[in-house]
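Below you'll find the structure, written out as structure tokens, and then a few comments.
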Amino acid sequence: MPPYLASWNPSGVEYLGKGGNDSLLMSKPLPTVVEGAIIVGGGPSGLAAAACLEMKGVPSLIIEKSDGIASLWKYKAYDRLHLHIPKQFCELPYYSFPEDYPLYPNKKQFVDYLENYFQHFDMRARFNTEVVCASYDPSSSYWKVQTRPSGSGLDSEGMLEFRAQWLVVASGENSEAYTPKMEGLDSFQGPVLHSSNYRTGAHYQGQRVLVVGCGNSGMEIAMDLANFNAKPFLVVRSPVHILPREIFGTSTFAVAMRMMKTFSLWFTDLLLVGYTRAVLGDITSYGFKRPTDGPMTIKCKQGKTPILDVGTFAKIKSGTIKVCPGVDHLTPTGSKFENGQFEEFDAIVLATGYRSNVPRWLRDESGFFSADGLPKNLSQGTWKAERGLYVAGLGRKGILGATFDAKNIAEDISIVYRSDSHKRLISPLQSR
Numbered sequence: 103m104p105p106y107l108a109s110w111n112p113s114g115v116e117y118l119g120k121g122g123n124d125s126l127l128m129s130k131p132l133p134t135v136v137e138g139a140i141i142v143g144g145g146p147s148g149l150a151a152a153a154c155l156e157m158k159g160v161p162s163l164i165i166e167k168s169d170g171i172a173s174l175w176k177y178k179a180y181d182r183l184h185l186h187i188p189k190q191f192c193e194l195p196y197y198s199f200p201e202d203y204p205l206y207p208n209k210k211q212f213v214d215y216l217e218n219y220f221q222h223f224d225m226r227a228r229f230n231t232e233v234v235c236a237s238y239d240p241s242s243s244y245w246k247v248q249t250r251p252s253g254s255g256l257d258s259e260g261m262l263e264f265r266a267q268w269l270v271v272a273s274g275e276n277s278e279a280y281t282p283k284m285e286g287l288d289s290f291q292g293p294v295l296h297s298s299n300y301r302t303g304a305h306y307q308g309q310r311v312l313v314v315g316c317g318n319s320g321m322e323i324a325m326d327l328a329n330f331n332a333k334p335f336l337v338v339r340s341p342v343h344i345l346p347r348e349i350f351g352t353s354t355f356a357v358a359m360r361m362m363k364t365f366s367l368w369f370t371d372l373l374l375v376g377y378t379r380a381v382l383g384d385i386t387s388y389g390f391k392r393p394t395d396g397p398m399t400i401k402c403k404q405g406k407t408p409i410l411d412v413g414t415f416a417k418i419k420s421g422t423i424k425v426c427p428g429v430d431h432l433t434p435t436g437s438k439f440e441n442g443q444f445e446e447f448d449a450i451v452l453a454t455g456y457r458s459n460v461p462r463w464l465r466d467e468s469g470f471f472s473a474d475g476l477p478k479n480l481s482q483g484t485w486k487a488e489r490g491l492y493v494a495g496l497g498r499k500g501i502l503g504a505t506f507d508a509k510n511i512a513e514d515i516s517i518v519y520r521s522d523s524h525k526r527l528i529s530p531l532q533s534r
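For the sequence shown, the working numbering gives the first residue as 103, with consecutive numbering after it.
What follows is the structure in structure tokens.
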């Protein structure tokens, strides 16, 4: 028998190592032990973790609820979406973007890159498989991951259980669309859709559209609507930083990263805000409020990315896009705002972000995660919990942070995987 396969037949458990027969798994509703790590999530973070583990000689199995990798980018991103920061900051470990890619790849180019990444490292994955519950079993020192076919009920005959010594949570900060409670939302008679279902402004020509949410997605959707001759209204409630995407032809993000290597965070913010005021003007004159902390301070402390403007603000200054205060309540035909004004609308787009779904399926007995599904202490290490639990891409540091997490996770797991203690752990399983 190959060293990466072992049987645990007396207890009714099949052991799956690298090279295992997935078709055999589907015919046996028995618990299956996976050699190496189980990775929950087939987005960039999960792919980075799998690749880094592979480079360290540790096998893994990705469990993904969609029908393939990068489902958020494939199915829930608007058509005009490009990377907001240069490609060199979005590369996954050990695999560069093609040289002919532009500085800011579009949605299709990024998805193609991820597909090629998946194939390059010959990753193993189970698609259309949703994790129902993941819990640690102290008696075996293994993680138990219960799954079902995506879209099926808990009583589905296709439910399977996987077990592994290590579990990597890589389901993403944006795993589920978030819709805030808004008075009167159900009464509005026009179409209401989350930004995850928005594709193009071509469907809204001539219509008055309320865009709720002023992050990078909300700003770009408002601009896209304007480009298709819709009449967008943008709700701005919270203070935000708006920075030009480039400074003198160079990525603002890249410039900020370089400055922080030389200057203090405070001085870096001072320079960024000063340059922005010189280029864009005073954004507070157009219905925006600036936060007290600077853009990079907020990014470092809270993980919130400033708005990187790609042309939206020019349309706001020209009056093509109208900025509105917070929504007080919605009516069947429109919205009354917090300043008492009322506007009629034909449609509403909720660019209100996403949430982590980790609390729904992970039994976090160690208390590593907060109620919002992110690590509690974002200012410290967010990639390692306890008892073989690891986290990739949930530290609010983007793809760059996910790459950092993946490399640390692989290094940490590989030490144990290669050690004699791992061999002693596997031996009892083989002899049972």
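Heads up, the beta-carbon is just placed ideally off N, CA and C, and yes, glycines get one too.
What separation, rounded to the nearest whole angstrom, lies between the Cα atoms of E322 and V375? Position 220 of the sequence shown holds residue 322. Position 273 of the sequence shown holds residue 375. Straight-line Cα distance between these residues: approximately 21 Å.
Kindly indicate which three-state DSSP category S387 falls into: helix, strand or coil? Sequence index remark: in the sequence shown, residue 387 carries index 285 (1-based). S387 falls in the helix class under three-state DSSP.
Using the Cβ count rule (16 or more neighbours within 10 Å means buried), how would you classify H343? Residue numbering aside, residue 343 sits at position 241 when the sequence shown is read from its first letter. Counting Cβ neighbours within 10 Å, H343 comes out buried, since at least 16 surround it.
L345 by DSSP, collapsed to three states: which one? Sequence index remark: in the sequence shown, residue 345 carries index 243 (1-based). L345 falls in the strand class under three-state DSSP.
What is the residue span of the alpha helix (DSSP H) that A150 lies within? Reading the sequence shown from its first residue, position 48 is the one you call residue 150. Looking at the DSSP string, the run of the alpha helix (DSSP H) that includes A150 is P146 to M157.
Quick one, which of G303, T407 and L174 has its alpha-carbon nearest P397's? Within the sequence shown, numbered from 1, the residue matching residue 397 stands at position 295. Out of G303, T407 and L174, T407 has the C-alpha closest to the C-alpha of P397.
From F355, G144, A304 and W245, pick the residue whose C-alpha is nearest to that of P133; which is it? In the sequence shown, the residue the question calls residue 133 occupies position 31. When each option's Cα is compared against that of P133, the closest is W245.
For D124, does the three-state DSSP call read helix, strand or coil? For the purposes of this step, residue 124 is taken as the residue at position 22 of the sequence shown. At D124 the pLDDT is 46, less than 50, meaning the model places this residue with poor confidence and gives no usable figure here.
List in chain order: all unbroken alpha helix (DSSP H) runs of 4+ residues lying wholly within the stretch 176 to 259. 209 to 222
Helix, strand or coil: which one does DSSP assign to F290? The count along the sequence shown starts at 1 and reaches residue 290 at position 188. Correct three-state label for F290: coil.
Excluding five sequence neighbours on each side, which residues of the same chain lie with their C-beta closer than 7 Å to the C-beta of H305? Position 203 of the sequence shown, counted from the start, is the residue given in the question as residue 305. Excluding positions up to five away in sequence, the list is empty.
Find out if the Cβ-Cβ distance for the pair A266, G138 is shorter than 8 Å. On the sequence shown, position 164 is the one that residue 266 refers to. On the sequence shown, position 36 is the one that residue 138 refers to. Contact flag set, yes.
Could you compute how far the alpha carbon of M261 sits from the alpha carbon of T249? Here residue 261 refers to the residue found at position 159 when the sequence shown is read from its first residue. Here residue 249 refers to the residue found at position 147 when the sequence shown is read from its first residue. If you take the alpha carbons of M261 and T249, they lie about 6 Å apart.
Looking at S90: is its Cβ nearer than 8 Å to the Cβ of S353? With the chain represented from 103 up to 534, any question about residue 90 goes unanswered, as that position is not in the structure.
Rounded to the nearest angstrom, what separates P427 and L295 at their Cα positions? Locating residue 427 in the sequence shown gives position 325, where the first residue counts as 1. Locating residue 295 in the sequence shown gives position 193, where the first residue counts as 1. So the two alpha carbons sit approximately 20 Å from each other.
Straight-line Cα distance separating W463 from L126: Stepping through the sequence shown from its first residue, residue 126 is reached at position 24. Stepping through the sequence shown from its first residue, residue 463 is reached at position 361. Unreliable positioning characterises L126 in this predicted model, as indicated by a pLDDT of 37, which lies under 50. The coordinate reading is nonetheless provided below. Cα to Cα, L126 sits roughly 26 Å from W463.
Going by alpha carbons, who is nearest to S516 out of N331, D239 and W268? Here the question's residue 516 lines up with position 414 in the sequence shown. Closest by alpha carbon: W268.
Where does T433 sit, in a helix, a strand or coil, going by DSSP? Translated into the one-based positions of the sequence shown, residue 433 becomes position 331. In this structure, T433 counts as coil in the three-state DSSP scheme.
Do A236 and A151 have their CB atoms nearer than 8 Å? Along the sequence shown, read from residue 1 onward, the residue named residue 236 stands at position 134. Along the sequence shown, read from residue 1 onward, the residue named residue 151 stands at position 49. Contact: no.
Classification of E285 by the beta-carbon crowding that lies within 10 angstroms, buried from 16 upward: Here residue 285 refers to the residue found at position 183 of the sequence shown. By the 10 Å Cβ count, E285 comes out exposed.
Evaluate the contact criterion for the stretch 498 to 511 versus the stretch 473 to 488: three or more CB pairs, one atom per stretch, below 8 Å. yes
How many angstroms separate the CA atom of V314 from the CA atom of F439? Against the sequence shown, residue 314 aligns to sequence position 212. Against the sequence shown, residue 439 aligns to sequence position 337. Roughly 12 Å between the two C-alpha positions.
Have a look at K176 and V135 and give me their C-alpha separation to the nearest angstrom. The sequence position of residue 176 within the sequence shown is 74, counting from 1. The sequence position of residue 135 within the sequence shown is 33, counting from 1. The alpha-carbon atoms of K176 and V135 are separated by roughly 31 Å.
Three-way DSSP call (helix, strand, coil) for D514 in this model: On the sequence shown, position 412 is the one that residue 514 refers to. In this structure, D514 counts as helix in the three-state DSSP scheme.
Whole angstroms are fine: how far does the CA of Y180 sit from the CA of Y519? Counted from its first residue, the sequence shown places residue 519 at position 417. Counted from its first residue, the sequence shown places residue 180 at position 78. The alpha-carbon atoms of Y519 and Y180 are separated by roughly 41 Å.
W485 by DSSP, collapsed to three states: which one? On the sequence shown, position 383 is the one that residue 485 refers to. Coil, per DSSP.
Is it the case that the stretch 183 to 197 contacts the stretch 324 to 338, given that we only count it when at least three CB pairs across the two stretches are under 8 Å? no
In this structure, what does DSSP give as the bridge partners for R457? Position 355 of the sequence shown, counting from 1, holds the residue named residue 457. R457 is bridged to E278.
Can the beta-carbon of N538 be found less than 8 Å from the beta-carbon of S252? Here the chain has residues from 103 to 534 only, and residue 538 is not among them.
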